[in-house]
Amino acid sequence: MSDDERDGQSLAGGGLVRTFTETRSALARYLSLRGATADEADDILQEVHLKLLAERIGPVAEPRAYLYRMTNNHFLGWRRSAGRRVRREEDWVDAHSGEEREIDEQPSVEAHLIAREQLALLQRVLDGLPDRTRTIFRRFRIDGEPQRRIAADIGISISAVEKHLARAYEAIAAAKFRLDGDGGDPRHLRIERGRHDI
Amino acid sequence: MTSEAQGSARARAIEWHIRLRHGDHAAWEAFAEWLAEDPVHAALYDEIEQADLALEPLLPAVTFREAANDTDIDDRRQSPRWRWWGLGGGAAAAAVAAMLVLVPQATNSRYEVATGPGQRRTISLEAGTQVTLNGATRMRFDRKDRRFAALEAGEALFQVQHDGARPFTLEVAGRRVVDVGTVFNVVRDARAVRVAVAEGKVLYESKGRTISLDAGQAVLDTSSAEAPRVSRTAIGSVGAWRKGRLVYSGEPLAQVAADLGRALGMRITPAPDVADRPFSGTIALRGTGPAELERLTPALNVTFRPDAGGWTMTAAGAER
Numbered sequence: 001m002s003d004d005e006r007d008g009q010s011l012a013g014g015g016l017v018r019t020f021t022e023t024r025s026a027l028a029r030y031l032s033l034r035g036a037t038a039d040e041a042d043d044i045l046q047e048v049h050l051k052l053l054a055e056r057i058g059p060v061a062e063p064r065a066y067l068y069r070m071t072n073n074h075f076l077g078w079r080r081s082a083g084r085r086v087r088r089e090e091d092w093v094d095a096h097s098g099e100e101r102e103i104d105e106q107p108s109v110e111a112h113l114i115a116r117e118q119l120a121l122l123q124r125v126l127d128g129l130p131d132r133t134r135t136i137f138r139r140f141r142i143d144g145e146p147q148r149r150i151a152a153d154i155g156i157s158i159s160a161v162e163k164h165l166a167r168a169y170e171a172i173a174a175a176k177f178r179l180d181g182d183g184g185d186p187r188h189l190r191i192e193r194g195r196h197d198i
Numbered sequence: 001m002t003s004e005a006q007g008s009a010r011a012r013a014i015e016w017h018i019r020l021r022h023g024d025h026a027a028w029e030a031f032a033e034w035l036a037e038d039p040v041h042a043a044l045y046d047e048i049e050q051a052d053l054a055l056e057p058l059l060p061a062v063t064f065r066e067a068a069n070d071t072d073i074d075d076r077r078q079s080p081r082w083r084w085w086g087l088g089g090g091a092a093a094a095a096v097a098a099m100l101v102l103v104p105q106a107t108n109s110r111y112e113v114a115t116g117p118g119q120r121r122t123i124s125l126e127a128g129t130q131v132t133l134n135g136a137t138r139m140r141f142d143r144k145d146r147r148f149a150a151l152e153a154g155e156a157l158f159q160v161q162h163d164g165a166r167p168f169t170l171e172v173a174g175r176r177v178v179d180v181g182t183v184f185n186v187v188r189d190a191r192a193v194r195v196a197v198a199e200g201k202v203l204y205e206s207k208g209r210t211i212s213l214d215a216g217q218a219v220l221d222t223s224s225a226e227a228p229r230v231s232r233t234a235i236g237s238v239g240a241w242r243k244g245r246l247v248y249s250g251e252p253l254a255q256v257a258a259d260l261g262r263a264l265g266m267r268i269t270p271a272p273d274v275a276d277r278p279f280s281g282t283i284a285l286r287g288t289g290p291a292e293l294e295r296l297t298p299a300l301n302v303t304f305r306p307d308a309g310g311w312t313m314t315a316a317g318a319e320r
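Note that the protein sequences, when read in sequence, are chains A and B.
Under UniProt numbering, think of the first position of the first sequence as 1, with each following residue one higher.
Under UniProt numbering, think of the first position of the second sequence as 1, with each following residue one higher.
Quick look at the structure:
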């Protein structure tokens, strides 16, 4: 896994599938390092493979990085839907045990209040950042600009941009946001076999 | 791992998270090596990744204050000038899913955007200015004039960036709503035009007069010659439909029926015996179709019966 020329070759269209085959074991290792079981990693990579075959993705500049990113996204999707499935099941158990649940608006009012609270919290975190840090964070996180371009535009070094971003993310991590509605333990990825309905 | 070491590992996790967004394969491989060094690394990375994911639904709703941007308003109001009330993520996702009908009008720069029943769509006109269309809504915009909009039918929530030199103007049923930097909601149906202001201020021009509406005020302007009626409105309820919530304090059931119809994509006609009955409370929509109407019957104390074009809302128990 040291050769860059392979990436160069795969610029030609369907090369992405070939690059995937070549990179598969590295991707599987990555998934296991992220906490997926071997079976889960297998399923996730199968999903990625099918997607690559089904969608004619144009030539990409960095095929292996692209595949890592794609694999990571699928991993997050699986983790998220696994969390959701657990919640759904809990809701179902909740609804089918003990007393009848009344039709009331409590849950959604509560969800609404949480959302409001989260929004206010994020606004406070952002407002608390230095102007330049906030602007760099917006350009990076919302506009998706690469650090290189932001750095060139503002006239500071890439590592300075990185420091601003790290500062923003530290403030965000410290604020402890809750993932909207999906809750659950982020480490929870125990997907039962045979229930892959994604 | 000492807490100091953990602190620096957390900082490393953040660096990785930033780097990987546009990272090349070497970055990903080095990241994998870092994960392999210590199982704690994966847990720390999960934390920052999840924290960032949790922002996703919130980001469309926050304000990024930029230096030297409308400082007069910022000085007047400590809080940001506008902000969505509640969560933007669900509605934004719904908007992406909603089918959009675009009718190009070759003759001029005006174009139409429409949503089908039960659909939603958010249109970004320029930085800081967004319009969210509720279901069964038709609007016109102008490619050359991003400070113009017209509501032909339905309901929309406006989030408008203030620009003293270029006021934002909405045309609705021959009336004009001119913003002074604000969040406001407008409904146009067969009976009336309703405008509710959540933040800032708008000027409402109708029937030869101009009414100034502040945050927390609403106007009901019927199609009759009657002067528009100004009333109080709960600020938090303005545009609550974006999150599937309909909030009322004493509005007639006819209005509830129209709102429900728009949200659920059904035609709901109130029977005369309930049309004017006032309703107070919050309706949280969860589902769609007849089942959702059925669920709401106890709260509204009405019965829904199918009729030729949709559903009739009558007093509870009236059918027997």
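Every residue gets a Cβ at the ideal spot worked out from N, C-alpha and C, and that includes glycine.
For B/P60, the closest C-alpha among the options A/R149, A/T133, A/A115 and A/F75 is that of A/A115. Two segments are said to touch when three or more pairs of C-beta atoms, one from each, lie closer than 8 angstroms; by this definition the stretch 297 to 315 of chain B does not touch the stretch 117 to 132 of chain B. With a threshold of 8 angstroms between beta carbons, B/I123 makes no contact with chain A. With fewer than 16 other Cβ atoms inside 10 Å of its own Cβ, A/K176 counts as exposed. Rounded to whole angstroms, the separation of the alpha carbons of A/L33 and B/D38 is 10 angstroms. Of all residues in the stretch 216 to 244 of chain B, only G236, A240, K243 and G244 place a beta-carbon less than 9 angstroms from a beta-carbon of chain A.
Counting the other CB atoms within 10 Å of its CB gives A/D153 a total below 16, which places it among the exposed residues. Using a Cβ-Cβ cut-off of 8 angstroms, B/E15 counts as an interface residue toward chain A, since at least one Cβ of chain A sits closer than that to its own. The three-state reading of DSSP puts B/T63 in coil, since its state is none of H, G, I, E or B.
Here A/Q46 is exposed: its Cβ has fewer than 16 other Cβ atoms, across all protein chains shown, within 10 Å. For B/A149, there is no enclosing alpha helix (DSSP H); the enclosing beta strand (DSSP E) has its first and last residue at F148 to V160. Annotation: B/E49 to A/K163 spans about 18 angstroms, alpha carbon to alpha carbon. Proximity of A/G35 to chain B, defined by a Cβ-Cβ separation below 8 angstroms, is satisfied. With at least 16 other beta carbons inside 10 angstroms of its own, B/A51 counts as buried.
Judged by DSSP in its simplified three-state form, A/I142 adopts helix. Secondary structure of B/P252 (DSSP, three-state): strand. Per DSSP, the unbroken alpha helix (DSSP H) holding A/R29 starts and ends at G15 to L33.
With respect to chain B, the C-beta atom of A/L45 has no partner C-beta closer than 8 angstroms. Within chain A, the residues L122, R141, I172 and F177 have their CB atoms less than 8 angstroms from the CB of B/L55, given in chain order. Look at B/F279 here: in three-state DSSP terms it is strand. Contact of B/L35 with chain A by beta-carbon distance below 9 angstroms involves Y30, L33 and R34. Taken in chain order, the members of the stretch 47 to 73 of chain A whose beta-carbon sits within less than 7 angstroms of a beta-carbon on chain B are E62, R64, A65 and Y68. For A/L16, not one C-beta of chain B is nearer than 8 angstroms to its own C-beta.
For B/T63, the chain A residues whose C-beta falls within less than 9 angstroms of its own C-beta are Q123, L126 and D127, listed in chain order.
For B/L58, at least one C-beta of chain A is nearer than 8 angstroms to its own C-beta. For B/G250, the number of other beta carbons within 10 angstroms of its own is below 16, and it is reported as exposed. Within chain A, the residues A173 have their CB atoms less than 7 angstroms from the CB of B/E47, given in chain order. Its chain contains V17 as the residues whose beta carbon lies nearer than 7 angstroms to that of A/L53, once the 5 sequence neighbours on both sides are disregarded; these appear in chain order. The beta carbons of B/H25 and A/E62 sit about 6 angstroms from each other, so the pair counts as a contact at 8 angstroms. If the five residues before and after B/D259 are omitted, its C-beta is found closer than 6 angstroms to the C-beta atoms of L246, all from its own chain and listed in chain order.
The C-beta of B/D24 comes closer than 8 angstroms to at least one C-beta of chain A.
Listed along the chain, the chain B residues whose CB falls inside 8 angstroms of the CB of A/A166 are A11, I14, E15 and I18.
For B/S8, the enclosing alpha helix (DSSP H) begins and ends at S3 to L20. For B/V113, no alpha helix (DSSP H) run applies; the uninterrupted beta strand (DSSP E) run containing it begins and ends at R110 to T115, by DSSP. Within chain A, no C-beta atom comes nearer than 9 angstroms to that of B/W311; the closest sits roughly 19 angstroms away. With a cutoff of 8 angstroms on beta-carbon distance, B/R191 and B/T222 are scored as near each other.
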